[in-house]
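Enquirer:
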Ligand code: SME
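Spelled out as structure tokens, the structure:
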């Protein structure tokens, strides 16, 4: 396929509806996990322009930084720590409208104001998380949860 992403304007749901088939086409038939995670972060960042979009993968008892788009970030996060470690521990998506109000939030960048973290789950086990950060308060809602969960469901691991 062409490597150009077609950027869609419209409601947030419409933007995701245009993006998801393109992500599917980008990763379909490609067995390399890092390549696919990298392209997914690029596609989400290009469509929405969020401040930071990236993956952390479970390695032993920590999350370790994986492909991302945005400023440099914390490399390792312990289980239960911060939004990412809490999403891992709870095996559920966490929407944080104001990171300053989330106890234990890990500040990788002082510019990040709100965040959503979606766990990657296989056979009931969390094997990583997708973290999306915004420099604006209250950027994420149930629409992001619904569609970002659909996006991570496309990843074959
Ligand atoms: N804020 C996250 C850490 C990861 S960075 O924002 C990229 C957290 O509290 O888990």
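In this note's numbering, the protein residues as written are -2 to 154. Just so it is clear, CB atoms sit at the ideal spot from N, CA and C, and this is done for glycine as well.
Taking DSSP's pairing of strands, which residues face residue 130 in a bridge?
Expert: According to DSSP, which records beta bridges pairwise, residue 130 is partnered with 49 and 112.
Enquirer: Is there at least one non-hydrogen atom of the ligand SME closer than 7 Å to the beta-carbon of residue 112?
Expert: Within the cutoff, so yes.
Enquirer: Under DSSP, the alpha helix (DSSP H) around residue 22 begins and ends at which residues?
Expert: Note, residue 22: alpha helix (DSSP H), 9 to 24.
Enquirer: Is it the case that the Cβ atoms of residue 23 and residue 44 are separated by a distance below 8 Å?
Expert: Cβ distance not < 8 Å, so residue 23 and residue 44 don't count as in contact.
Enquirer: Does residue 80 come out as helix, strand or coil in the three-state DSSP assignment?
Expert: Correct three-state label for residue 80: helix.
Enquirer: Based on the DSSP output, what are the partners of residue 75 in its beta bridges?
Expert: Its beta-bridge partners are 59.
Enquirer: Starting from residue 119, follow its DSSP beta bridges and name the residues at the other end.
Expert: Per DSSP, 122.
Enquirer: Looking at the structure shown, is residue 2 part of a helix, part of a strand, or coil, going by DSSP?
Expert: Here residue 2 sits in coil by DSSP.
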